[in-house]
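K.L.:
Going by UniProt numbering, the sequence shown opens with residue 1, and the numbers climb by one from there.
Cβ atoms here follow ideal geometry from the backbone N, Cα and C, with glycine treated the same way.
There's a structure below that I have some questions on.
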Amino acid sequence: MLRLLKKLTAGTPAPVPAASQPEAPVANKVDPYMLGLRDAVLSGWFNQQTGELFTGFPVTAEDTLLDVGCGDGGNVHFCGMRGAKIIIADIDAAKVEATRQRLGDTPAQDVECHVTDCNPLPIADATATRVVSTEVIEHVDDPAQFLAELVRVGKPGALYLLSVPHPSSEDLQKDIAAPEYFQKPNHIRIISEEQFKAMVSDAGLEVLSHSQYGFYWSMWMLLFWEAKVDFSNADHPLLNHWADTWHAILESPRGAQIKQSLDAVVAKSQVIIARKP
Numbered sequence: 001m002l003r004l005l006k007k008l009t010a011g012t013p014a015p016v017p018a019a020s021q022p023e024a025p026v027a028n029k030v031d032p033y034m035l036g037l038r039d040a041v042l043s044g045w046f047n048q049q050t051g052e053l054f055t056g057f058p059v060t061a062e063d064t065l066l067d068v069g070c071g072d073g074g075n076v077h078f079c080g081m082r083g084a085k086i087i088i089a090d091i092d093a094a095k096v097e098a099t100r101q102r103l104g105d106t107p108a109q110d111v112e113c114h115v116t117d118c119n120p121l122p123i124a125d126a127t128a129t130r131v132v133s134t135e136v137i138e139h140v141d142d143p144a145q146f147l148a149e150l151v152r153v154g155k156p157g158a159l160y161l162l163s164v165p166h167p168s169s170e171d172l173q174k175d176i177a178a179p180e181y182f183q184k185p186n187h188i189r190i191i192s193e194e195q196f197k198a199m200v201s202d203a204g205l206e207v208l209s210h211s212q213y214g215f216y217w218s219m220w221m222l223l224f225w226e227a228k229v230d231f232s233n234a235d236h237p238l239l240n241h242w243a244d245t246w247h248a249i250l251e252s253p254r255g256a257q258i259k260q261s262l263d264a265v266v267a268k269s270q271v272i273i274a275r276k277p
């Protein structure tokens with residue numbers, strides 16, 4: 001989501017506050033991205049204690065992990081820190097190189113890199129014990145072909161972590177987002193929960209769990225479009241107040257319960273953990 005917003009807003013100048021209305025400095029300003037990371041951890045991501053990239057998806061030094069659509073490398077960095085062998089694939093050569101460099105400070109056994117459109121993946125059959133592909137399927141022309149490639153390169157018994165935007169969030173953005181958000185090469189389809197499960201099952205995988213999270217980011221995105229600021233300088237009262245509000249909610253006695261209830265209503269993403277028979 002963050003890399004997509006960065007592309008969509010590249011070169012868009014941030015509005016300059018009027019000289020007659022200078023903004024007062026904000027003490028202890030909440031960082032919306034670090035808050036988003038905290039929210040993700042509460043949703044089951046990056047569990048340092050259990051070694052799970054996401055709940056139900058443990059990664060160890062015995063694993064060969066493939067991340068297709070690696071983006072900025074946040075997922076594989078966590079996995080590299082577990083000592084796994086890492087294979088990264090992305091259509092963006094700059095992302096692949098940045099992720100390769102990011103993995104340099106991890107105890108990953110090995111790092112293999114591919115710049116590819118994944119049609120097909122330049123990887124041998126039955127290579128990976130863990131396969132990750134987050135927020136990619138909504139971009140590809142042929143989801144069945146894409147998933148078939150992911151299944152092909154997984155070993156028998158391999159675990160898969162797959163995510164796509166949740167339709168509740170996508171529907172919320174429809175009349176607010178920049179038109180390019182729902183145009184190629186960005187989100188060219190909205191995938192329902194039923195469609196997502198069917199895609200994964202039809203590819204030959206056993207669905208182990210199906211969850212959703214990310215109310216915080218769904219609302220942040222909605223406000224981002226209205227704020228009309230550049231992603232690299234997303235400083236606007238709407239966004240700042242929203243981050244303050246969500247931070248206060250998470251700090252409240254029943255913050256985790258409130259988050260869980262809201263994630264169930266409007267979620268940024270849906271996540272499937274699956275296994276190759």
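Among P156, A126 and L66, whose alpha-carbon lies nearest the alpha-carbon of H114?
P.N.:
One-based indexing of the sequence shown puts residue 114 at position 114. Considering only alpha carbons, the answer is L66.
K.L.:
Tell me which same chain residues have a C-beta within less than 8 Å of the C-beta of R275, skipping the five on either side of it?
P.N.:
Taking the sequence shown and counting its residues from 1, the one referred to as residue 275 is at position 275. Excluding sequence neighbours, R275 sits near G157, A158, L159, Y160, L205, E206 and L208.
K.L.:
I'd like to check one pair, F215 with L172: are the Cβ atoms closer than 7 Å?
P.N.:
The residue you call residue 172 lines up with position 172 of the sequence shown. The residue you call residue 215 lines up with position 215 of the sequence shown. Result no, Cβ atoms of L172 and F215 do not sit closer than 7 Å.
K.L.:
Tell me whether I249 sits in a helix, a strand or coil according to DSSP, three-state version.
P.N.:
The residue given as residue 249 occupies position 249 in the sequence shown. Three-state DSSP puts I249 in a helix.
K.L.:
Could you give the residue range of the beta strand (DSSP E) that holds G255?
P.N.:
Here residue 255 refers to the residue found at position 255 of the sequence shown. Note, G255: premise wrong, no beta strand (DSSP E); alpha helix (DSSP H) at G255 to D263.
K.L.:
Which residue's Cα is closest to the Cα of V111: N119, M81 and I91?
P.N.:
For the purposes of this step, residue 111 is taken as the residue at position 111 of the sequence shown. Per the Cα distances, M81.
K.L.:
Taking DSSP as the reference, what is the three-state secondary structure of Q21?
P.N.:
Locating residue 21 in the sequence shown gives position 21, counting from the first residue. Reliability of the predicted coordinates at Q21 is poor, the pLDDT of 43 falling under 50, and the value obtained from them is presented with this limitation in mind. Q21: coil per DSSP, three-state reduction.
K.L.:
Which first and last residues belong to the beta strand (DSSP E) in which D110 is found?
P.N.:
Mapped onto the sequence shown, residue 110 falls at position 110. From DSSP, D110 is part of no beta strand (DSSP E); its letter is neither H nor E.
K.L.:
Taking buried to mean at least 16 other C-beta atoms within 10 Å of its own C-beta, is P25 buried or exposed?
P.N.:
The residue given as residue 25 occupies position 25 in the sequence shown. Residue confidence for P25 is low, a pLDDT of 48 falling below 50, so the modelled location carries little weight; the figure read from the coordinates is stated next. It counts as exposed.
K.L.:
Between which two residues does the beta strand (DSSP E) holding P120 run?
P.N.:
Your numbering for residue 120 matches position 120 in the sequence shown. Neither: P120 is in no beta strand (DSSP E) and is coded neither H nor E.
K.L.:
Just tell me which of C70, G36 and A84 has its CA closest to the CA of A94.
P.N.:
As a working mapping, residue 94 is identified with position 94 in the sequence shown. Here the closest residue by C-alpha is C70.
K.L.:
For the segment 263 to 271 and the segment 163 to 180, state whether three or more C-beta atom pairs, one from each stretch, are separated by less than 8 Å.
P.N.:
Flag = yes, the segment 263 to 271 and the segment 163 to 180 touch.
K.L.:
Considering only their Cβ atoms, is the gap separating H187 from E138 smaller than 7 Å?
P.N.:
For the purposes of this step, residue 138 is identified with residue 138 of the sequence shown, where counting begins at 1. For the purposes of this step, residue 187 is identified with residue 187 of the sequence shown, where counting begins at 1. Contact flag set, yes.
K.L.:
Between the Cα of A98 and the Cα atoms of K85, D72 and L42, which residue gives the shortest distance?
P.N.:
Translated into positions along the sequence shown, residue 98 becomes position 98. Here the closest residue by C-alpha is D72.
K.L.:
How many angstroms separate the CA atom of V140 from the CA atom of F146?
P.N.:
Position 140 of the sequence shown holds residue 140. Position 146 of the sequence shown holds residue 146. When rounded, the distance between both Cα atoms is 7 Å.
K.L.:
Taking the alpha-carbon of A256 as reference, which of S218, Q48, D31 and A40 has the nearest alpha-carbon?
P.N.:
Here the question's residue 256 lines up with position 256 in the sequence shown. Checking every option, the nearest Cα to that of A256 belongs to A40.
K.L.:
Using the C-alpha atoms, what's the distance from F196 back to K155?
P.N.:
Position 155 of the sequence shown holds residue 155. Position 196 of the sequence shown holds residue 196. About 22 Å.
K.L.:
Under the DSSP definition of a beta bridge, which residues are partnered with D154?
P.N.:
Position 154 of the sequence shown holds residue 154. The residue you asked about is not Asp; residue 154 is Gly in the sequence shown. The partner list for G154 (beta bridge, DSSP) reads A128.
K.L.:
Roughly how many angstroms lie between the CA atoms of P22 and W45, to the nearest whole one?
P.N.:
The residue you call residue 22 lines up with position 22 of the sequence shown. The residue you call residue 45 lines up with position 45 of the sequence shown. Residue confidence is low: P22 scores 44 on pLDDT, short of 50, so the model does not pin down where it sits. Its coordinate-derived value is still stated next. Their Cα atoms are separated by approximately 39 Å.
K.L.:
Apart from the five residues on each side of it in sequence, which residues of its chain come closer than 7 Å, Cβ to Cβ, to N75?
P.N.:
Position 75 of the sequence shown, counted from the first residue, corresponds to residue 75. For N75, where only same-chain residues beyond five positions count, the Cβ hits under 7 Å are L53, D67, V132 and T134.
K.L.:
Between N233, A264, L121 and N240, which has its C-alpha nearest L223's C-alpha?
P.N.:
Walking along the sequence shown from the start, residue 223 turns up at place 223. Among N233, A264, L121 and N240, the Cα nearest to that of L223 belongs to N240.
K.L.:
Helix, strand or coil for H114 per DSSP?
P.N.:
On the sequence shown, residue 114 is found 114 positions in, with the first residue counted as 1. In the structure shown, H114 sits in a strand (DSSP, three-state: E or B).
K.L.:
When you compare each of V266, L238, N233 and S232 to E226 by their alpha carbons, which one comes out closest?
P.N.:
For the purposes of this step, residue 226 is taken as residue 226 along the sequence shown, with counting starting at 1. The option with the nearest alpha carbon to E226 is L238.
K.L.:
With distance defined between alpha-carbon atoms, name the residue in D117, T50 and P179 nearest to V136.
P.N.:
Stepping through the sequence shown from its first residue, residue 136 is reached at position 136. Comparing Cα-Cα distances from V136 to each of D117, T50 and P179, the minimum goes to D117.
K.L.:
What's the C-alpha gap between A124 and T55?
P.N.:
What you label residue 124 is simply residue 124 of the sequence shown in a count that begins at 1. What you label residue 55 is simply residue 55 of the sequence shown in a count that begins at 1. Near 28 Å, if we compare the C-alpha coordinates of T55 and A124.
K.L.:
Tell me which residue opens and which closes the alpha helix (DSSP H) that Q270 is part of.
P.N.:
Within the sequence shown, residue 270 is the residue found at index 270, counting from 1. First-last for Q270: S269 to R275, but that is the beta strand (DSSP E), not the alpha helix (DSSP H).
K.L.:
So, at 8 Å on beta carbons, what are the nonlocal neighbours of G51 in its own chain, with the 5 sequence-adjacent residues on each side left out?
P.N.:
Mapped onto the sequence shown, residue 51 falls at position 51. Contacts found: P58, V59, T60 and R82.
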